[in-house]
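My numbering numbers the first residue of the sequence shown as 244 and each following residue consecutively.
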Amino acid sequence: MFLQSASRLGNLTVGVNSDDYTYQYKKKKPVFSLSERLYLVKMLDFVDEVVVNTQDDLAPLIELVRPDFLVIGSDWGDKYFEQIKMSRAQLYEMGVQLLYIPYTPFISSTEIKKRCMK
244 MFLQSASRLG
254 NLTVGVNSDD
264 YTYQYKKKKP
274 VFSLSERLYL
284 VKMLDFVDEV
294 VVNTQDDLAP
304 LIELVRPDFL
314 VIGSDWGDKY
324 FEQIKMSRAQ
334 LYEMGVQLLY
344 IPYTPFISST
354 EIKKRCMK
């Protein structure tokens, strides 16, 4: 739902975190490997491109992709700026608008793991 909503804004490039980076900030391994996650995201017909994110600082990736929008879930709020090591002003200077899509309950990876364990 989240990615499909984001795709309504135009061409959709999805950033997928590397396994090492995911472990670095979540302190746990992802359920699916990077290659599996890339495959799954690429299979979505509304995704135009997929890139791999390997670090907190999103500036290099944003420079590479040059998006008009950076779309995140509303549950992140302003703490997202701390996560990506950038400020709203820096995004603005790069010509990127941060947009929030409403959080969808029960769709998080944590919730999916819980359901699979039952």
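Using N, Cα and C, we set each Cβ at its ideal position, and we do this for glycine too.
Ranked by Cα distance from residue 339, the options 308, 358, 351 are led by 308. Counting other Cβ atoms within 10 Å of its Cβ, residue 249 reaches 16 or more and is therefore classed as buried. If you compare the alpha carbons of 272, 321, 303 with that of residue 352, the shortest gap goes to 272.
Taking C-alpha positions only, residue 280 is separated from residue 263 by approximately 14 Å. Residue 310 is classed as buried because its beta carbon has at least 16 other beta carbons within 10 Å across all chains shown. Its chain contains 323, 341, 342, 343, 344 as the residues whose beta carbon lies nearer than 8 Å to that of residue 315, once the 5 sequence neighbours on both sides are disregarded; these appear in chain order.
The Cβ atoms of residue 257 and residue 295 lie no closer than 7 Å to each other.
Bounds of any beta strand (DSSP E) do not take in residue 346, whose DSSP letter is neither H nor E.
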